[in-house]
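FYI, UniProt numbering numbers position 517 of the sequence shown as 517, with every residue one higher than the one before it.
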Amino acid sequence: MKKQVLLTAALLSATSMMAQKLTYPQAPKDGTVDTYFGVQVADPYRPLENDSSKATAEWVAAENKVTQEYLSRIPFRGKLLKRMKELSNYEKVSAPSYIKSIGKWLFYKNDGLQNQSVLYIMDRLGDEKNARVFLNPNQLSSDGTVALKGIYFSHNGKYATYSISRSGSDWQEFYVMDVKTGKLLDDHINWAKFSGASWQGDGFYYSAYDAPQKGHEFSNVNSVQKIYYHKIGTPQSEDVLFYQNPANPMRFYAVSVNEEETMMFLYESGAGSGNIVYVRDLRQPNSQFIQMTSNLDLQYSLIETIGDKMYFLTNDGAPKNRLMVTDLKHPGFSEWRTLVPESKDMLEGVTFADGKMILNYMKDASSHAYVYSMDGKQLSEIKLPTLGSAAFYGEKDRKEVFYSFSSFTVPTTIFQYDLSSANSKVYAAPKVKFKESDYVCEQVFYTSKDGTKIPLFITYKKGLKRNGKNPVFLYAYGGFNIALTPYFSSVRIPFIENGGIYAQASLRGGSEYGEDWHTAGTKMQKQNVFDDFIAAGEWLIENKYTSKDYLAIVGGSNGGLLIGACMTQRPDLYKVCIPQVGVMDMLRYHKFTIGWNWAPDYGTSADSKEMFDYLHAYSPLHNLRPGTKYPATLITTADHDDRVVPAHSFKFAATLQADNAADTPTLIRIDTKAGHGSGKPLSKQLEEQADIYGFILYNMGLKY
């Protein structure tokens with residue numbers, strides 16, 4: 001009874017505050033009207049697309065002031081943030097990785113609240129006590145906003161090149177270290193993007209764009225990606241242009257060289273859901289690339305090379321993937337041989353180790369792993385702790401195998417697997433300040449609008465009563481062939497331990513059930529994704545896990561589009577909506593940075609009248625209606641997001657603030673020195689999550 005009184009008091013306080021209608025800054029406007037296939041579409045907040053203008057900067061500052069004043073008045077925000085920090089303050093260790101060229105092991109470790117994980121090196125496996133810091137990204141900036149994106153060792157063991165990003169941007173810079181001395185060399189590469197580094201001799205290949213127009217580094221279209229070769233000890237201006245294809249400017253290009261430096265692969269992607277692969281024999285002087293595949297809508301992932309053999313994971317002729325093998329004498333796809341055929345479950349990955357293969361499958365959005373012989377025969381199953389997500393690590397010529405495992409109630413744990421005895425043992429287990437046994441995770445299957453069964457994970461504290469009054473955080477993604485599987489996040493725990501429910505739906509558009517599941521949520525079938533998500537909310541309400549007064553929906557990027565579409569289609573169904581870094585303008589998304597790369601999933605407004613009509617019918621920005629009562633909304637974006645440019649969120653926020661007829665808050669949280677999310681320092685992550693969960697609970701009339 002006492003708890004109910006507290007909740008009621010909090011509800012009255014929140015209601016009082018929300019009733020005081022917020023005053024929002026006036027966004028810069030003009031009279032822009034676009035015409036698509038004879039249809040006129042107004043875009044009054046077009047000036048907000050100019051991220052470097054004074055008017056946009058002033059509006060951003062004014063919006064942030066309103067938002068921060070609101071969030072600062074949430075009485076329990078500080079307590080919530082403190083608990084999140086406490087739960088996040090535990091040692092996190094990655095699986096160790098053997099680097100053959102230097103004969104040593106590397107692993108990442110975060111002591112607890114470090115903004116970025118630190119890369120360590122050790123001489124022998126199991127010698128963590130004597131491990132030395134190899135690279136500490138926290139020393140690259142004072143505020144943790146420089147992130148390590150990747151590290152690549154030369155095949156002769158002399159050098160390591162590493163890439164960084166600043167403030168969350170997709171732009172990358174490369175630096176080079178002398179491995180033996182740890183000394184940073186003078187080599188420095190700018191304007192790389194979506195690139196690794198592939199070594200050949202005393203130099204490496206990387207992919208980059210021409211330097212962008214000053215002032216528009218984070219919004220201009222990126223076109224004509226080029227591959228360069230950088231020789232150690234020379235300036236970037238002397239890098240050799242290795243490959244470009246101006247005839248197809250909206251594509252990605254990259255090369256890789258195997259560790260023996262006998263084969264080079266060229267990859268072409270971006271114009272479909274897959275890629276094209278070319279191969280070249282480096283042992284033959286002046287050899288040319290030979291095209292191996294030809295369908296940009298199908299995926300071909302090189303897993304390993306052994307001698308002249310090449311092993312590929314592909315969905316060509318196998319929507320749930322199969323493992324195939326070929327060799328340099330027979331590179332064309334028609335001559336590839338199936339080693340492990342398609343199964344009833346989705347084949348996610350293959351790891352080679354000690355003359356065997358580990359195949360990682362996904363069944364109903366959860367990992368299942370098996371050991372196979374090199375001739376494609378299944379030998380045994382690797383027993384995993386529970387429903388969850390596993391990722392395997394090994395080398396083709398070493399016996400050590402590791403895997404990381406995570407679930408909603410199991411923090412990421414590293415296991416070492418013995419191939420000879422078929423036993424797993426814990427290599428590194430985190431110590432988080434909560435009791436896993438106090439929580440329940442269940443998987444259910446609900447029915448979407450067209451009868452399709454959709455998996456839904458539900459996590460809550462034991463003893464929960466299904467009385468329709470539990471706050472629910474419903475999360476999903478639904479796109480780009482990306483599976484949403486179980487994973488641990490310490491920031492959810494305060495919500496769940498206080499009576500909340502975390503629900504995660506595996507919608508169509510992802511890879512949970514293969515390419516057919518993906519395709520069913522793309523282009524002219526994108527509405528299936530929104531229907532799947534709406535049905536999840538309805539199922540949770542019907543089964544009394546929650547009610548409309550306690551349902552919050554959250555999603556980021558393509559998931560931000562999901563939230564925007566669902567809140568405009570069913571504003572009556574939710575109490576709180578959190579669209580994060582979302583694609584909100586479906587008519588113009590392809591006109592910024594690498595937005596054109598999303599066309600295989602979305603289609604574009606320029607494709608056809610039919611495609612324009614379909615996009616226009618669900619585009620979140622274009623389906624806000626004046627006089628409609630919308631749920632409490634907190635939109636999040638960041639000033640350095642050059643993946644989904646902040647203009648999407650800016651225009652959506654300005655329109656929603658003008659149109660919302662309810663007294664619910666319509667706020668936008670615009671982070672600084674941050675991007676789409678990758679590499680964001682832990683301190684910024686915790687601040688953002690405290691704001692999100694605080695906003696949700698506060699607008700449900702609850703407290704923490």
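The C-beta atom is built at its ideal place from N, Cα and C for all residues, glycine as well.
- The three-state secondary structure of MET84, taken from DSSP, is helix.
- C-alpha of LEU323 to C-alpha of TRP539: approximately 38 Å in a straight line.
- Between the alpha carbons of TYR90 and GLY112 lies a gap of roughly 4 Å.
- About 17 Å separates the beta carbon of LYS309 from that of ASP354, a gap too long to meet the 8 Å contact definition.
- Separation of LYS65 and ASP671 (C-alpha to C-alpha, rounded to the nearest whole angstrom) is 12 Å.
- Just measuring C-alpha positions, the residue of ARG669, ASN623 and ARG337 sitting nearest ASP659 is ASN623.
- In the structure shown, ASP418 falls within a strand segment according to DSSP collapsed to helix, strand and coil.
- If the five residues before and after GLU381 are omitted, its C-beta is found closer than 6 Å to the C-beta atoms of TYR370, all from its own chain and listed in chain order.
- In this chain, ASN360 is not harboured by any alpha helix (DSSP H); it is covered by the beta strand (DSSP E) spanning 356-363.
- Judged by pairs of C-beta atoms under 8 Å, the stretch 74-84 does not touch the stretch 670-684, as fewer than three such pairs exist.
- Going by DSSP, GLN504 is part of the beta strand (DSSP E) stretching over 501-505.
- Taken through DSSP and simplified to helix, strand or coil, ILE496 comes out as helix.
- Distance from the Cα of ASN245 is smallest, within the candidate group VAL257, THR234, TYR477 and LEU266, for LEU266.
- MET346 and GLY521 do not touch by the CB rule: their CB atoms are close to 15 Å apart, not below 8 Å.
- In the three-state scheme derived from DSSP, where H, G and I count as helix and E and B as strand, GLN689 is classed as helix.
- The residue among VAL179, ASN321 and GLN116 with its C-alpha nearest the C-alpha of GLY168 is GLN116.
- In the three-state reduction of the DSSP assignment, MET567 falls in the helix class.
- With 16 or more neighbouring CB atoms inside 10 Å of its own CB, LYS320 falls in the buried class.
- Taking C-alpha positions only, ALA62 is separated from VAL581 by approximately 19 Å.
- With contact defined as three or more Cβ pairs closer than 8 Å, the stretch 578-594 and the stretch 554-567 are in contact.
- ALA483 sits away from GLU342, with the two beta carbons spaced by 9 Å or more.
- TYR45 and THR655 do touch by the CB rule: their CB atoms are close to 7 Å apart, below 8 Å.
- Here GLN443 carries a strand assignment [DSSP, helix/strand/coil].
- DSSP places MET584 outside both helix and strand once states are collapsed to three, so it counts as coil.
- Contact annotation, LYS158 with VAL179: C-beta distance approximately 6 Å; criterion of less than 8 Å satisfied.
- PHE530 sits in a helix when the DSSP states are folded into three classes.
- Here the alpha carbons of PHE405 and PHE495 stand approximately 23 Å from one another.
- Nearest C-alpha to SER547 among HIS518, PHE473 and PRO600: PHE473.
- C-alpha of ALA57 to C-alpha of GLY509: approximately 36 Å in a straight line.
- Around the C-beta of LYS344, fewer than 16 other C-beta atoms lie within 10 Å, and the residue is accordingly described as exposed.
- THR412 is positioned such that its CB atom lies closer than 9 Å to that of PRO430.
- With contacts defined as CB atoms closer than 9 Å, ALA661 and PRO626 qualify as a contacting pair.
- For PRO455, the uninterrupted beta strand (DSSP E) segment begins and ends at 453-461.
- The C-alpha of LYS703 lies about 51 Å from the C-alpha of LEU296.
- Rounded to the nearest whole angstrom, the CA to CA distance from ARG280 to GLN213 is 35 Å.
- Contact annotation, ARG492 with TYR477: C-beta distance approximately 16 Å; criterion of less than 8 Å not satisfied.
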